[in-house]
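Chains A, B, C and D, in that order, are what the protein sequence lines are. Following the numbering used here, the numbering of the first sequence begins with 7 at its first residue and continues without gaps. Following the numbering used here, the numbering of the second sequence begins with 7 at its first residue and continues without gaps. Following the numbering used here, the numbering of the third sequence begins with 7 at its first residue and continues without gaps. Following the numbering used here, the numbering of the fourth sequence begins with 7 at its first residue and continues without gaps.
There are 4 protein chains.
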Amino acid sequence: MKLGRTLKMGMVGGGPGAFIGEVHRKAVGLIGQIELVGGAFDIDPAQSKQLGKELNLNPSRVYENYGELIKKELQLPVGERMDFVTICVPNNWHFLIAKDLLEADFHVLCEKPMTLTTQEARDLVNVVEKTERIFGLMHNYTGYPMVKLAKDMVSNGDLGEIRKVVVRYSQDWLATALEKTGQKQAAWRVDPKQGGASGCGGDIGTHAVNLAEYISGLKMTHLCAELTAFVEGRQLADDANCLIKYDNGARGVLHVSQIAAGEGNNLAIWIYGEKGGIEWNQEEPNTLQLKPLGGPVQVWMRGNDYVAAYSDAAGRATHLPAGHPEGFYEAMATIYLNFSDTVRAQIMSAKADPIMLDFPNVEDGLRGMLFIETLLASAESEQKWTPFKN
Amino acid sequence: MKLGRTLKMGMVGGGPGAFIGEVHRKAVGLIGQIELVGGAFDIDPAQSKQLGKELNLNPSRVYENYGELIKKELQLPVGERMDFVTICVPNNWHFLIAKDLLEADFHVLCEKPMTLTTQEARDLVNVVEKTERIFGLMHNYTGYPMVKLAKDMVSNGDLGEIRKVVVRYSQDWLATALEKTGQKQAAWRVDPKQGGASGCGGDIGTHAVNLAEYISGLKMTHLCAELTAFVEGRQLADDANCLIKYDNGARGVLHVSQIAAGEGNNLAIWIYGEKGGIEWNQEEPNTLQLKPLGGPVQVWMRGNDYVAAYSDAAGRATHLPAGHPEGFYEAMATIYLNFSDTVRAQIMSAKADPIMLDFPNVEDGLRGMLFIETLLASAESEQKWTPFKN
Amino acid sequence: MKLGRTLKMGMVGGGPGAFIGEVHRKAVGLIGQIELVGGAFDIDPAQSKQLGKELNLNPSRVYENYGELIKKELQLPVGERMDFVTICVPNNWHFLIAKDLLEADFHVLCEKPMTLTTQEARDLVNVVEKTERIFGLMHNYTGYPMVKLAKDMVSNGDLGEIRKVVVRYSQDWLATALEKTGQKQAAWRVDPKQGGASGCGGDIGTHAVNLAEYISGLKMTHLCAELTAFVEGRQLADDANCLIKYDNGARGVLHVSQIAAGEGNNLAIWIYGEKGGIEWNQEEPNTLQLKPLGGPVQVWMRGNDYVAAYSDAAGRATHLPAGHPEGFYEAMATIYLNFSDTVRAQIMSAKADPIMLDFPNVEDGLRGMLFIETLLASAESEQKWTPFKN
Amino acid sequence: MKLGRTLKMGMVGGGPGAFIGEVHRKAVGLIGQIELVGGAFDIDPAQSKQLGKELNLNPSRVYENYGELIKKELQLPVGERMDFVTICVPNNWHFLIAKDLLEADFHVLCEKPMTLTTQEARDLVNVVEKTERIFGLMHNYTGYPMVKLAKDMVSNGDLGEIRKVVVRYSQDWLATALEKTGQKQAAWRVDPKQGGASGCGGDIGTHAVNLAEYISGLKMTHLCAELTAFVEGRQLADDANCLIKYDNGARGVLHVSQIAAGEGNNLAIWIYGEKGGIEWNQEEPNTLQLKPLGGPVQVWMRGNDYVAAYSDAAGRATHLPAGHPEGFYEAMATIYLNFSDTVRAQIMSAKADPIMLDFPNVEDGLRGMLFIETLLASAESEQKWTPFKN
């Protein structure tokens, strides 16, 4: 089933205490054939070294910064050298590091949001095109098998023409002024310089719209948005609500919040078409509801043969049998699975099977930045509808 | 517990085949001390007579029209005469009949929406004030005990200052062009002359905003709305989405649809405050979720002593013990309970206990019409925010 | 749709403060064409009179006791006379009153359990046969439309041959010594003389096994039971657990409890066959899960056209459209609907449509008593299996 | 937080195509500081070699069989040598391999059931005692943080004295004669020689009773069991139902099935005490319901601070923040976390923190075998109750 060799992986960011970097490393362990060989994990080289030790890495491949990483790795022969590098640094560094890595011939998997500005995103599209490197973006929620099943149901026409898309993304971890308590995750997110100008709109809203476009196959054309910062003294929005127009005439509602008291990571989507609807909730990711017009609701349960029989993509994204719950790690692992198989195909000069290409890429990153740009423009506009500049 | 005598009830509308009229009659049976004595049920007197027969009514009190009803009932002595009349006719008749009944000294309970225009609504406010009759409006969803519990939680400050209100009202019964098949319920609702100009915005959106204002205690100040008619050939919106501003600075999202394939009568509300959130779903009305910031979610279950101990209003609205599911009829019955006790108090020249006054009234009806007016204005506006005219 | 005239109903028991009597009266109001005309409601005639007044009954038909009721009603002409009488007295009186009423030519609807002993139950079967009166037993849970749908799924073979039946009935209202606080409902239930010897086994266990046999179409042949009284000083079991053998070789598990802290009226059933399973929960009665082997779970939702298209019995038992929750009252109303239509057919010398006969009858009552008898025998036996004496 | 060095892990079994071995390897990757260095993975050495290659293992440490593993590993210095070995072979080999490894001074983590007979289990208890090696048993369901929270709630007295324990474990993967289709997982499980004599009673029943005893802190004293093989031609039970007595007088119900059509891996537990109840479902493992008598149900959600504040064990078992779903892998990882920290403490001659000792051990394995022995004895007995021989 596996083709080709184990890939060598590097990482920029993800130092001690960084949440998402550790998740990346563990997710990678769930798919196999990827070996973390080194990185520049922390702005403080001592911290980086310490982490490298805990991870049993060769100290010579734990670098002081990503510049050194590029320089030294390029001195290693292909096959020993890092095949791809994961970027898990604060948002403001994404673009620069990704660009440098790509131009130095590394494949790249980057945390979202891809860049801070639309212009950077367009530039990165060009860099990827020019360098012909594989670029993956970690919109992990599209890695869930039931999300892939949903996408296939829509594209197979089970729902008919799509009319309405509702996405909710509710959290409560910023319901108080956590950023003033020294919590690092909170601090950089509410700082416009590090997190970008859009607050929760970019931080979690991009996940939400990526999910909506991924499943529905539609593209947003207009936004009507409002952004609010509810917590006193906060500069960036902790709550965002949008009306959306899609390219086929469908209408959308998006509401995201980081002050929704009592909610953990409550991302959910409802899509309604002429013939049926679907509903999926990230906090119970192992089921997907299909609601055919005029028939019983169907609850499709991950891991069953009938799921894989219907959707190759969902089957491929499945790690455990039915009834053995999967979660967040597995979804991220699936993104890595498809990304790494595509990298491997390229290394072997093989053509990637279309199913391998099912991971968020630089175009999705550009869509995300366009969304943020349009969101901010709409939030400042007195006009109801702000079109996407494409 | 009961005070005073059994009330005599009349009904205008609710003839054979009319859905809601029959529901009213049955709901009334769940509370006792109200006796339906007659009515003008149908535009076709023969149909009216037939229904009277089925209901074991005295044929002399089954009238040809509401004019005859008023005239003949006034000839009966008080105590025998109808104490109040329920109005269940198409929307365009609500105002006129209500006005005439009130001015003829009858108390009135009217289906929603109260009128077709804001002007009529204002006029009716004046009529009620002048006649000093009791006027009830059937926003039945506020009759659910767990809704009353939610209201009390908010007003007691359990949620802290309210920041966000999300309301969803999804149905699918108009997902196809049902109005072209001769279905009467569908036909009048999509006809601007009978149903009003706002389609699903008025038909179910008014329920949704009434619920939101009832529980939250907030008032909407601005709407940003869009209305869409998805089904080909339909004149009125079958889908409506709004952003909302509330008077305390809270933000709201409202999305209602009658083309949400696979949904029955999926009305749900989420309210988030500084200290906690609540969630309630009409299709599972016997539970209310309270989500305190930083603590476990609490599922309050109708009928338990701890519910009544917390909320008199919820306790009073409870018809059956815990675990014995209540539903739609009981919610409507509770509206009648409070309305009829208020009528009875007035008849006895007693002061109504504040808890009896907990039913939707003429002011709620005016709010509903203001909502519809603002919704239509916003939907036609290119400006983002349309303020409520108050 | 309705055939024939409104039936006159009487009631023995159900006086002020009696829970279930009032539920009967209100349930009857939900179906129409039944009019409560009188009764002997309370052992204290003054209480009876008072209730009659509240119910607007003719005082001459509020009787001192059921003997007087029989005597005086028989003096009225048929058509004015009570057509049937509902019995809502403590269990120990069921047999005697039912027998006398039947022999005096009244149709009877009786609360469960039908009698205190199997012998009485057998006698009552004979009385019903001899008098040719209609006898209904209030196992209200079989009145839920989704229960009827489940029964039809099983009998249509959608599940294949049945292999396993699990029933749970968990309550907590007797988790403390409530009977010592003067609570009447508790007091008679834990008194062997009034409630029978089986405690929760009879009180709620009979509902559970009736439900299981009703849906599955199977008959229990053997029990292996244990009964426990957990609350100190209580004579009757407040917890009961059974293994069951059914006549086709299927196995069953039944566990009922009135000390299951935190549970309201948590009756649920799971039936598994060769081709699929079903699950139904009384506290969320508007849905039924069908679990086909090898396919998605299907959630059938009450009130939809596809339910009525599949099951006439479920369609007929439906009072409100999809999404408008029904509950306990409606289930009981459906028992009355079928019972009363059968009575009406007999009055009109018509043949009852088989669908009207779908209500618990005297044979079900005998099954209940056999269950209690076998339960008690098994609980006292050291043998694993105790067969039903048939 | 981590103490000491990375442990070297070996594995016996878990060759290509073996489900659970791969799960072990991936679970280990989620906790860090454990490195798989070699093993004897398959009865076919070529398969073993192939897997070693895929896992990037040093080929010299991929052994032909476990005997060679022991011999060769012992030639390596401590620190380089495997610190512990995981056993993932068919059940009939567990005892022998575990014994040999322990006696050769390796710590051992073994799949369940621990042995085939009670005698072997007693022997292994002695071996563990004598060798003073650490022995872990993979009852992975006790690794879920919400299970640990439940255990702490019970031991803290939140539920009061326990009265009733209900456990359900329903699957459907053996609903048809899968073993005749060549499916290996099915084939060995229904073969008495490889899987043991108890069928689903041992295969999944042991998990269920381990979970019940773990959370409740109670010990079973008597069983009343029946075993059934529903699928034609099957020798071992695919369905098992038990009544249970616990040492404090509590009563239990256990029903497990592998023919419950439509169920995946539906393990759920309800425990009721004098003051409250709890409910936990393995298929939605991130929540725990606490049902205090007389108060709202509380839904505790994994990953929140309030969970860790209440229960150190649950906090320690948590891998991801609230709302980021965990599943089966993480539960197994937690077993490894505690097991490996205990091994590490022993290596460092440190005293293991009691919280590290929270993993299933050889005594749990013996309890499992006693359960199976008692289950089989009871199933063959005509007596209702069969006591545990202790």
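Positions of the beta carbon are idealized from the N, C-alpha and C atoms, including for glycine. These numbers were taken from a predicted model, which means no experiment stands behind them.
For residue i, three-class secondary structure by DSSP
i        : result
Ile210/D : coil
Leu143/A : strand
Ala193/B : helix
Gln389/C : strand
Gly279/A : strand
Met7/D   : Note that Met7/D scores 42 on pLDDT, short of 50, meaning its location in the model is unreliable and no value can be drawn from it.
Own chain, CB closer than 7 Å to residue i, minus 5 neighbours either side, in chain order
i        : result
Ala385/B : Ala231, Glu232 and Leu233
Asn367/C : Phe141, Gly142 and Leu143
Asn271/C : Gln177, Gln288 and Glu289
Element boundaries [alpha helix (DSSP H), containing residue i]
i        : result
His30/A  : Phe25 to Gly35
Val133/D : Thr124 to Thr137
Tyr335/D : Phe334 to Ile353
Thr182/D : No alpha helix (DSSP H) holds Thr182/D; DSSP gives it neither H nor E.
Met152/C : Pro151 to Ser161
Glu70/C  : Per DSSP, Glu70/C belongs to no alpha helix (DSSP H) and is neither H nor E.
Ala315/A : Asp311 to Tyr316
Sequence-distant residues of the same chain with beta carbon closer than 6 Å to residue i, five excluded per side
i        : result
Phe345/B : Leu115, Gly142 and Phe365
Gly16/B  : Gly44, Gly45, Met88 and Val91
Leu296/A : Ile284 and Gln304
Gly208/A : Pro119, Gly202 and Ile378
Run of the beta strand (DSSP E) containing residue i, from where it starts to where it stops
i        : result
Lys170/A : Ile168 to Ser176
Met15/A  : Leu13 to Gly19
Lys297/B : Thr293 to Pro298
Glu285/A : Gly282 to Asn287
The ligand GDP heavy atom lying under 7 Å from the CB of residue i
i       : result
Glu86/C : Among the ligands in the structure shown, none appear at all, so the ligand GDP cannot be discussed.
Neighbouring residues, chain B, relative to residue i (Cβ below 9 Å)
i        : result
Tyr342/A : Residues of chain B passing the Cβ test: none, with the nearest at roughly 33 Å.
His330/C : Val29, Gly270, Asn271, Gln288, Glu289, Gly333, Phe334 and Tyr335
Gly300/D : Asn310, Asp311 and Tyr312
Partners in chain B for residue i, counting only beta-carbon separations shorter than 7 Å
i       : result
Arg11/A : Ordered by position in chain B, no residue passes the 7 Å Cβ test against Arg11/A, which lies about 47 Å from the chain.
Lys32/C : Gly35 and Leu36
Under 8 Å by beta carbon: chain C residues contacting residue i
i        : result
Ala266/D : Lys170, Trp276, Tyr278 and Gly283
Contacts of residue i in chain A (Cβ-Cβ under 7 Å)
i        : result
Gln241/D : Near Gln241/D there are no residues of chain A at all, since even the closest Cβ is about 24 Å away, more than 7 Å.
Chain D contact residues for residue i, given Cβ-Cβ distances below 8 Å
i        : result
Leu326/A : Val29, Gly333, Phe334 and Tyr335
Gly309/A : Gly270
Gln177/A : Gly329
8 Å CB neighbourhood of residue i in its chain, flanking five on each side removed
i        : result
Leu217/A : His145, Tyr147, Thr148, Val153, Val173, Leu273 and Ile275
Gly21/B  : Gly27, Phe47, Asp48, Ile49, Asp50, Gln53, Ser54 and Leu57
Asn254/D : Glu167, Ile168 and Leu224
Glu369/B : Val131
Entirely enclosed beta strand (DSSP E) segments - the region 196 to 275 of chain C, minimum 3 residues: 226 to 234, 245 to 252 and 257 to 263
Taking only runs of the alpha helix (DSSP H) that begin and end inside the region 85 to 126 of chain C, which ones reach a length of at least 4 residues, in chain order? 100 to 109
May I have a chain-ordered list of the alpha helix (DSSP H) segments no shorter than 4 residues that lie completely inside the region 32 to 68 of chain D? DSSP runs (the alpha helix (DSSP H)) wholly in the region 32 to 68 of chain D: 51 to 60.
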